[in-house]
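What follows is a single structure, written as structure tokens, with notes after it.
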Amino acid sequence: MNFSQYKYIPTLRTRASEMLGVEKLSDSTKEKILPFVCLSKVNRIASASGAFDKWHSAFDKPAILGLSEDKRLQVEDYAQLMSSEDGFSAWATFFMNAKKVNDLLIPSLILNKDVGKRDFVKQLQRFESEFGKVVLRVNPLHRREVAAAMTAASVIDSTDNILFILDAGQISREHQKAILDATIHALNELRLIDPRIEVVTTSSSFPRMFQSYTQDRDGKYGEIPMLEWENYHALGGQNIAIYGDYAGIHGEFYEGSYAKFVARVDYPTPATWIFERRRQVKDRNAADVPREKLYSRAARGIVTSESWDDSLDVWGAKIIREAANNQLEKFGTPAKWISVRLNLHIERITRFLDEGVSIPQDSLDNDDWDKDEFDW
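Residue 210 in numbering that gives the first Met the number 0 sits at position 211 of the sequence shown; the count goes up by one each step and never skips.
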């Protein structure tokens, strides 16, 4: 298996809403993506092994296995699995057992503030020796992590065996340029070591709040710029790197708020997510309109927009069509519509990349970087 055979590497978590969207992906799309799965607590399942079982039941193709670092999503055995004792034996043993279930898995290397350079190099050498392929995810804004990536590129036996994911996490328009510059810098540093090194650029700009993105007086329709897609094409697109994102999910986990309910249906295009929102209203009997009805109205707004592709034959599109025609039941919660958004996002991004779809993008001038070396 070569990393270069993949065009899309989405970062996913084992939350129930994400797993449903993944499970419902078409077989052809499942063959084309290489997910980075962050094992996380899901419903009443708190262990890493339980989270992995949930993942495997939804997706049994090649995938990169890691752990969610968000404290609210960490599995109960997170600290044990992250331990550097005995050459990261706990993580190595866990991965070996997972690999017995799916031999196509690839391990993510552990890198955090507690991992020293010597332990990190030992881990890299051990995992390459035992498992062949490895993946290192670093934040291009963190100089220590970029230095660790350069160390890994220098000491690994073969650069064909390692994939680097430059993950900037949650991004905004205010920080977009700085993140692009940092990503280009890190990518260039790695390619100076070996120009054949495979690199993924990833982040998420999907927001937590939506009111500021609405574009009509009633606050029903809105557009959200897909900044990760913009940055990817600004640095050169598929000629330079592999595309990655969070599959239309916010980069930082947050609990649902108790704000007044608003039904929202999202739909990805090459440059933006469009959405339709419907606020809670009363019917003629002064009772709240059922939530399924509000989602139906929002779905109708999506399928009648000029961006809608009615030929799209995937699960997420099917759900929106059924909702628009009032033929859908048990889809009156935001979690179900997260599943729909994620499914549609992965399906459409995969097609956009296959078709070479891009966006108009003004060239961005890069500032000169500080050339001082950082000793990691």
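Just so it is clear, CB atoms sit at the ideal spot from N, CA and C, and this is done for glycine as well.
Cβ separation of Gly-315 and Glu-291, assumed to be a contact under 8 Å, to the nearest whole Å: For the purposes of this step, residue 315 is taken as residue 316 along the sequence shown, with counting starting at 1. For the purposes of this step, residue 291 is taken as residue 292 along the sequence shown, with counting starting at 1. Incorrect: roughly 17 Å between the Cβ atoms, too far for contact.
On a Cα-Cα basis, can you pick out the residue from Ser-153, Asn-138, Met-95, Gln-79 that is closest to Gly-131? Locating residue 131 in the sequence shown gives position 132, counting from the first residue. Among Ser-153, Asn-138, Met-95, Gln-79, the Cα nearest to that of Gly-131 is on Met-95.
As a quick exercise: from Glu-68, Asp-85, Ser-357, pick the residue whose alpha carbon is nearest that of Ala-78. Taking the sequence shown and counting its residues from 1, one reaches residue 78 at position 79. It is Glu-68 whose Cα lies nearest to the Cα of Ala-78.
Return the Cβ separation of Met-18 and Ala-57 in integer angstroms, given the expectation that the two are a contact with Cβ distance under 8 Å. Taking the sequence shown and counting its residues from 1, the one referred to as residue 18 is at position 19. Taking the sequence shown and counting its residues from 1, the one referred to as residue 57 is at position 58. 5 Å between Cβ atoms; contact.
Do Ala-334 and Ser-16 have their beta-carbon atoms positioned less than 8 Å apart in this structure? The count along the sequence shown starts at 1 and reaches residue 16 at position 17. The count along the sequence shown starts at 1 and reaches residue 334 at position 335. A contact, by the Cβ cut-off of 8 Å.
Measure the alpha-carbon distance for Gly-115 versus Asp-85 and round it to whole angstroms. Position 116 of the sequence shown holds residue 115. Position 86 of the sequence shown holds residue 85. If I take the Cα positions, the gap works out to 14 Å.
Judging by CA-CA distance, which residue of Arg-207, Gln-4, Leu-327, Arg-142 is the nearest neighbour of Pro-289? To locate residue 289, count along the sequence shown from 1; it is residue 290. The residue with the shortest Cα to Cα distance from Pro-289 is Leu-327.
Endpoints, the beta strand (DSSP E) within which Ala-378 is located: The structure shown does not extend to residue 378, since the chain is modelled only from 0 to 375, so the question has no answer here.
I'd like the span of the beta strand (DSSP E) that includes Phe-35, first residue to last. For the purposes of this step, residue 35 is taken as the residue at position 36 of the sequence shown. Residues 35-38.
So, at 7 Å on beta carbons, what are the nonlocal neighbours of Ala-151 in its own chain, with the 5 sequence-adjacent residues on each side left out? Taking the sequence shown and counting its residues from 1, the one referred to as residue 151 is at position 152. Leu-123, Leu-135, Ile-161.
How would you write the range of the beta strand (DSSP E) that Ala-167 sits in, first residue to last? Here residue 167 refers to the residue found at position 168 when the sequence shown is read from its first residue. Element bounds for Ala-167: 161-169.
What is the DSSP secondary structure of Met-18, reduced to helix, strand or coil? As a working note, residue 18 is residue 19 in the sequence shown. DSSP places Met-18 in helix when its eight states are reduced to three.
Is the stretch 272-289 close to the stretch 185-196, with three or more CB pairs under 8 Å? Taking 8 Å as the limit for Cβ pairs, the verdict is that the stretch 185-196 does not touch the stretch 272-289.
Within this structure, are the beta carbons of Asn-230 and Ile-178 separated by less than 8 Å? As a working note, residue 230 is residue 231 in the sequence shown. As a working note, residue 178 is residue 179 in the sequence shown. Contact: yes.
Between which two residues does the beta strand (DSSP E) containing Pro-224 stretch? Locating residue 224 in the sequence shown gives position 225, where the first residue counts as 1. From DSSP, the beta strand (DSSP E) with Pro-224 extends over 220-224.
Beta strand (DSSP E) segment containing Ala-322, residue limits: Locating residue 322 in the sequence shown gives position 323, where the first residue counts as 1. Premise fails: Ala-322 lies in the alpha helix (DSSP H), 314-323, not in any beta strand (DSSP E).
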